[in-house]
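**Student:** Numbering (UniProt numbering), first residue to last: 204 to 466.
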Ligand code: ADP
């Protein structure tokens, strides 16, 4: 409710002041809405794994299973859900540090090719397990960029793991090249399930998931892209996404090339 709203009658300075106050009131209300939505999301995300863990722990404790195999399956669920909880709490903590500006970057001159090669190596096993290929095409001898190597690793690991997670077949393409004199361009493209056009504007929002329950089955928290987006922005880059349902998704990242004299 906009209890701070004032009726505007005059067109003079007082009138414009009144307009400004009204705008502020709208902003404030929007802020309140997102904040309470955020807390509602957090409690839902925390409650869900807790409910599973509690339920299955009880089943195991009271011996309500037929076979050893069944018991192991329940223990597995408890383990997975606690791992998810740890992941979620870690992500939340990272995001809150970033939002509060308490997040420090360790900026240095880095070779992004090395970072990307490292990440694709790490993600390779997961891709192999799903029968997916990772194709890496990195232009040689690109200039170094001024960024935080570990944070960049986090960005690309997130994007590549998503590409693997949301693909059933095909190839994940990772490409890096100099697009013009002042920019490095990186594509992370998959041949996966895709994202509907109507959902694209929201996928960088905290806790946003396309088809909530399905993506939860994939093991995600809904925070990955929110973190990626902030990390890219805070390091001076941009990120864009395009997608076609049933064909695949492409993330395009751009980082400015700056001269070594003016980092
Ligand atoms: P999650 O942890 O659920 O994967 P993200 O913030 O990383 O959360 O992504 C948000 C949502 O965007 C995901 O739940 C998924 O629905 C969608 N998404 C992200 N990357 C892809 C992709 N490469 N292909 C299809 N859908 C994707």
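A virtual CB, placed ideally from N, CA and C, is assigned to each residue, including glycine.
Unbroken beta strand (DSSP E) runs of length 3 or more, entirely within the region 266–337: which are they?
**Tutor:** Segments of the beta strand (DSSP E) lying fully in the region 266–337: 311–313.
**Student:** Exposed or buried, what is residue 452 when buried is set at 16 or more other beta-carbons lying within 10 Å of its beta-carbon?
**Tutor:** Start at 1 with the first residue of the chain shown, and residue 452 comes out as number 249. Counting Cβ neighbours within 10 Å, residue 452 comes out buried, since at least 16 surround it.
**Student:** Would you list the residues sitting across from residue 381 in a DSSP beta bridge?
**Tutor:** Counting from 1 along the chain shown, the entry for residue 381 is found at position 178. Answer by DSSP bridge pairing, in chain order: 387.
**Student:** May I ask you to verify whether the region 244–263 touches the region 215–232, counting CB pairs closer than 8 Å and requiring at least 3?
**Tutor:** Segments in contact, no.
**Student:** Grouping DSSP H, G and I as helix and E and B as strand, with all else coil, what is residue 456?
**Tutor:** Walking along the chain shown from the start, residue 456 turns up at place 253. Three-state DSSP puts residue 456 in a strand.
**Student:** Counting beta carbon pairs with one atom in the region 268–288 and one in the region 378–397, are three or more of them shorter than 8 Å?
**Tutor:** no
**Student:** Whose CA, out of 409, 294 and 458, lies closest to the CA of residue 238?
**Tutor:** Translated into positions along the chain shown, residue 238 becomes position 35. Ranking 409, 294 and 458 by Cα distance to residue 238 puts 409 first.
**Student:** Please determine whether the Cβ atom of residue 352 lies at a distance below 6 Å from any heavy atom of the ligand ADP.
**Tutor:** For the purposes of this step, residue 352 is identified with residue 149 of the chain shown, where counting begins at 1. No, the ligand ADP has no heavy atom inside 6 Å of this Cβ.
**Student:** Between which two residues does the beta strand (DSSP E) holding residue 441 run?
**Tutor:** Against the chain shown, residue 441 aligns to sequence position 238. Start and end: 441–447.
**Student:** Do residue 379 and residue 341 have their beta-carbon atoms positioned less than 7 Å apart in this structure?
**Tutor:** For the purposes of this step, residue 341 is taken as residue 138 along the chain shown, with counting starting at 1. For the purposes of this step, residue 379 is taken as residue 176 along the chain shown, with counting starting at 1. It is a contact, given that the beta carbons lie within the stated cut-off.
**Student:** Quickly, what does DSSP pair residue 348 with across the bridge? List them, please.
**Tutor:** Within the chain shown, the letter at position 145 stands for residue 348. Per DSSP, 313.
**Student:** So the candidates are 438, 448 and 447; which of them puts its Cα closest to the Cα of residue 459?
**Tutor:** For the purposes of this step, residue 459 is taken as the residue at position 256 of the chain shown. Residue 459 has its Cα closest to that of 438, out of 438, 448 and 447.
**Student:** Using 6 Å as the cut-off, classify the Cβ of residue 412 as near or not near the heavy atoms of the ligand ADP, replying yes or no.
**Tutor:** Mapped onto the chain shown, residue 412 falls at position 209. Because some heavy atom of the ligand ADP lies under 6 Å away, the Cβ of residue 412 counts as near it: yes.
**Student:** For the ligand FAD, I want to know if residue 408 counts as a neighbour, meaning its beta carbon is within less than 6 Å of at least one of the ligand's heavy atoms.
**Tutor:** With respect to the ligand FAD, the structure offers nothing, as its ligand set consists of the ligand ADP.
**Student:** Between residue 446 and residue 397, is the Cβ-Cβ spacing less than 7 Å?
**Tutor:** Along the chain shown, read from residue 1 onward, the residue named residue 446 stands at position 243. Along the chain shown, read from residue 1 onward, the residue named residue 397 stands at position 194. Yes, Cβ-Cβ distance for residue 446 and residue 397 is below 7 Å.
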